[in-house]
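Protein chains in written order, with the UniProt record's numbering: chain A, 1 to 69; chain C, 1 to 394. Here the structure comes first, spelled out in structure tokens, and everything after it is commentary.
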Amino acid sequence: MSFESDVSRIEEIAQKLNKPETSLEESLSLFEEGMRLSKALEKTLTEAKRKVEVILSEDLTEAETTVLE
Amino acid sequence: MHELFQTELTVSELTSLIKRTLEEGFYGLKVTGEISNFRPSSTGHWFFTLKDTNSQISAVMFKGSTWKVDFTPCEGDKVTVTGNLDVYGARGTYQIKCESMEKAGQGEILALLEARKQRYASKGYFDASLKKPIPRQPQRVGVVTSATGAALQDILNVLNRRAPSLDVLVLPAVVQGESSAISIANRIMQANSLLLCDVLIVGRGGGSLEDLLPFSEEVVLEAMHQSEIPIISAVGHEIDWALSDYVADLRAPTPSAAAELVSQGYLDLRQNLKTLKAELKKAMEYRLTLATHQLGKLEARQIHTIIDNREYLLANASQNLINAGQQKIREFQARYQSAVRELQALSPLAILARGYATVQSESGTLIKSKDQATIGEVVRLTFIDGQRIAKIKE
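Here it is, written out as structure tokens:
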């Protein structure tokens, strides 16, 4: 997932919506897409789904971890 | 003094003389000694003795001053105090009333740090050109700190509140005592050798000057300097500092503040999304207003159908849009009527009715000036009720 590309897609949609040559038909489906994208993105940003891990070994070349939360 | 030999004094008179002499003669003192017989009172004052190999002096530090001392003295601590001599007449004792206290040798530590700072500055370790940008929306943040300290909890709490989707990797380090500098440096190198995260917070909570020293040790500064991962230094409280603050790519005043810096991009993104959503809605509303215009004849019901079919989210706004559309139509009608009135006022017939006439050549061209009418030419005059032919005489 890339936040940046999603956000720029929404920005693009907003721009198109503001253009008079975009047909009503088109703008309705653009609007739907924009709302769907932004809601999904908002959900990703606000949902607590992080992983907190602790690294166990002191060895510089080993990354054994355990989950803290 | 001379008079004293001829005067008979009471104990109080003598005591008050001694008090004056000692207190006016011994102030602004700076004394170094070892703490012994340390007795903190329940009211917050400290009573103790300062001693060296041959002498000792009673000392007191009142609550108004003790809160400023960043450690609790222990038996045997070598400290430097500042203060004034104070005579307690009721007991006939004197003591030093302390205003500040620091561990002896702090001056030396500070001088050492300052020298080290100069050295690393001249080596270019603090150069602004070396500062790596902190990623705006990191995927995983590494935290080098004590696994049991409050700093880690602070960081986890702040991150959870502001960027709950951001993964965290804790690299536990010893942050106090002999082995701490090496432990911190190792964790920084480990994060780098495995590229475990895209930004690192290195720090600990507040403490005394000595407590924070590991973060000024050369191994830590070297590890930070070599780090490919951008580092935020977050040592102690706002007023504390360590040399790591200068080598790191960014200095945060506290561990919590470091977590805030790391999550700022996510917060901005959330705000940005909110604005974009509002913009989408506004643009769509406007489109619908336009459409309502164009489809002026469409029934409200038909528009509802369109909207429902699309599961359009602003369904309840549609009536407002139709109302707005109808309002626009009424405005247009009013403008049309006033335009008609204006046109009528400008009609040539209306002018003729007021008693004016037009002059045209035989071919029908309107004659607007005397130069257009040559002498002898035959012209046509139009009145409100008909025409006459005339001839230009002069």
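Backbone N, C-alpha and C fix where the C-beta goes; we use that ideal spot for every residue, glycine too. What you are looking at is a predicted structure, and each value in this text was computed from that prediction instead of being measured.
Do you know whose CA, among the options, lies nearest residue i's CA?
{"i": "C:Ile184", "options": "C:Glu218, C:Gly28, C:Thr358, C:Asp77", "result": "C:Glu218"}
{"i": "C:Lys103", "options": "C:Asp77, C:Ala115, C:Asp86, C:Leu85", "result": "C:Asp77"}
{"i": "A:Arg61", "options": "C:Lys281, C:Glu99, C:Ser363, C:Ala191", "result": "The sequence shown places Thr at residue 61 of chain A, not Arg. Of the candidates C:Lys281, C:Glu99, C:Ser363, C:Ala191, the one whose C-alpha sits nearest the C-alpha of A:Thr61 is C:Ala191."}
{"i": "C:Ile384", "options": "C:Lys368, C:Leu159, C:Val359", "result": "C:Val359"}
{"i": "C:Ala353", "options": "C:Glu362, C:Thr382, C:Ala390", "result": "C:Thr382"}
{"i": "C:Ile155", "options": "C:Ser256, C:His225, C:Gln95", "result": "C:Ser256"}
{"i": "C:Lys68", "options": "C:Ile232, C:Thr49, C:Ile201, C:His45", "result": "C:His45"}
{"i": "C:Arg119", "options": "C:Ala248, C:Leu273, C:Ala278, C:Leu221", "result": "C:Leu221"}
{"i": "A:Lys43", "options": "C:Lys51, C:Pro172, C:Lys274, C:Thr7", "result": "C:Lys274"}
{"i": "C:Arg161", "options": "C:Leu85, C:Arg270, C:Val11", "result": "C:Arg270"}
{"i": "C:Ile229", "options": "C:Gln139, C:Ile109, C:Tyr356", "result": "C:Gln139"}
{"i": "C:Leu166", "options": "A:Leu45, A:Thr66, A:Ala14", "result": "A:Leu45"}
{"i": "C:Gln56", "options": "C:Phe62, C:Val31, C:Thr66", "result": "C:Val31"}
{"i": "C:Gln226", "options": "C:Gly105, C:Ala258, C:Tyr125", "result": "C:Tyr125"}
{"i": "C:Pro172", "options": "C:Ala163, C:Pro164, C:Ile182", "result": "C:Ile182"}
{"i": "C:Ser244", "options": "C:Ser216, C:Ala252, C:Leu267", "result": "C:Ser216"}
{"i": "C:Tyr27", "options": "C:Glu377, C:Lys51, C:Cys98", "result": "C:Cys98"}
{"i": "C:Val170", "options": "C:Val158, C:Thr80, C:Pro164, C:Val202", "result": "C:Val202"}
{"i": "C:Asn157", "options": "A:Lys39, A:Ile10, A:Glu21, A:Arg50", "result": "A:Arg50"}
{"i": "A:Gly34", "options": "C:Ala283, C:Asp371, C:Ser263, C:Gly364", "result": "C:Ala283"}
{"i": "C:Gly33", "options": "C:Gly105, C:Phe5, C:Val262", "result": "C:Gly105"}
{"i": "C:Lys19", "options": "C:Leu50, C:Ile96, C:Asn54", "result": "C:Ile96"}
{"i": "C:Val141", "options": "C:Tyr266, C:Leu280, C:Ile392, C:Ser12", "result": "C:Tyr266"}
What residues in its chain sit with their C-beta under 8 Å from that of residue i, if we drop five residues either side in the sequence?
{"i": "C:Ser42", "result": "none"}
{"i": "C:Gly64", "result": "none"}
{"i": "C:Thr93", "result": "Ser58, Val87"}
{"i": "C:Ile367", "result": "Val359, Gln360, Ser361, Ala373, Val379"}
{"i": "A:Gln15", "result": "none"}
{"i": "C:Ile109", "result": "Leu209, Glu210, Leu213"}
{"i": "A:Thr65", "result": "Glu53, Val54, Ile55, Leu56"}
{"i": "C:Leu290", "result": "none"}
Report all residues from its chain with a CB closer than 7 Å to the CB of residue i; omit the five preceding and five following residues, and keep chain order.
{"i": "A:Ala63", "result": "Ile55"}
{"i": "C:Ala223", "result": "Ala185, Ile188, Met189"}
{"i": "C:Asn316", "result": "Legend: pLDDT at C:Asn316 = 49, less than 50; position of this residue unreliable, value from coordinates given subsequently. Closer than 7 Å at Cβ, skipping near neighbours: no residue."}
{"i": "A:Leu17", "result": "Ser27, Leu30, Phe31"}
{"i": "C:Leu212", "result": "Val235, Gly236, Asp240, Ala242"}
{"i": "C:Ala390", "result": "Val379, Leu381"}
{"i": "C:Glu75", "result": "Ile35, Ser36, Phe38"}
{"i": "A:Ile10", "result": "Gly34, Leu37, Ser38"}
{"i": "C:Leu261", "result": "Ile134, Ile232, Leu250, Ala252"}
Please list the terminal residues of the continuous beta strand (DSSP E) segment that includes residue i.
{"i": "C:Ile96", "result": "93-103"}
{"i": "A:Glu53", "result": "52-55"}
{"i": "C:Asp167", "result": "167-172"}
{"i": "A:Val67", "result": "65-67"}
Please go through the same chain and pick out, in chain order, the residues whose beta-carbon is closer than 6 Å to the beta-carbon of residue i, but skip the five residues on each side of it.
{"i": "C:Tyr312", "result": "Because the pLDDT of C:Tyr312 is 46, which lies under 50, any placement of that residue in the model is unreliable, and the number read from its coordinates should be weighed accordingly. Closer than 6 Å at the Cβ level, and outside the excluded window around C:Tyr312, lies no residue."}
{"i": "C:Ser100", "result": "Thr82"}
{"i": "C:Gln387", "result": "Arg380"}
{"i": "C:Phe47", "result": "Arg39, Val60"}
{"i": "C:Lys123", "result": "none"}
{"i": "C:Thr15", "result": "Gly89"}
{"i": "C:Ser208", "result": "Asp70, Phe71"}
{"i": "C:Leu250", "result": "Ile134, Ile232"}
{"i": "C:Pro73", "result": "Ile35, Phe38"}
{"i": "C:Leu314", "result": "Legend: pLDDT at C:Leu314 = 49, less than 50; position of this residue unreliable, no value from coordinates given."}
{"i": "A:Ser69", "result": "Going by the sequence as given, residue 69 of chain A is Glu instead of Ser. For A:Glu69, where only same-chain residues beyond five positions count, the Cβ hits under 6 Å are Val52."}
In the DSSP assignment, find the unbroken alpha helix (DSSP H) run with residue i in it and report its ends.
{"i": "residue 395 of chain C", "result": "Because chain C here runs from 1 to 394, residue 395 of chain C falls outside it and cannot be looked at."}
{"i": "C:Leu212", "result": "209-212"}
{"i": "C:Gly124", "result": "Premise fails: C:Gly124 is in no alpha helix (DSSP H) and is neither H nor E."}
{"i": "A:Phe3", "result": "3-17"}
{"i": "C:Gln190", "result": "180-193"}
{"i": "C:Leu221", "result": "218-226"}
{"i": "A:Leu41", "result": "24-46"}
{"i": "C:Ala242", "result": "C:Ala242 -> no alpha helix (DSSP H), and no H or E assigned at all."}
{"i": "C:Ala163", "result": "That residue, C:Ala163, is in no alpha helix (DSSP H); it is neither H nor E in DSSP."}
On the DSSP bridge assignment, give the partners of residue i in chain order.
{"i": "C:Gln360", "result": "C:Leu366, C:Arg380"}
{"i": "C:Ala234", "result": "C:Gly203"}
{"i": "C:Gly142", "result": "C:Leu169, C:Leu200"}
{"i": "C:Tyr88", "result": "C:Thr93"}
{"i": "C:Ile389", "result": "C:Arg380"}
{"i": "C:Lys78", "result": "C:Glu34"}
{"i": "C:Gly83", "result": "C:Leu29, C:Cys98"}
{"i": "C:Arg251", "result": "C:Ser233"}
At a cut-off of 7 Å, is residue i close to the ligand ZN when judged by its beta-carbon and the heavy atoms of the ligand?
{"i": "C:Val158", "result": "By its list of ligands, the structure shown contains no ligand whatsoever, and the ligand ZN lies outside what it can speak to."}
**Q.** In chain order, each alpha helix (DSSP H) run of at least 4 residues that lies wholly inside the stretch 32-69 of chain C
**A.** Counting only runs of 4 or more, we get 63-66.
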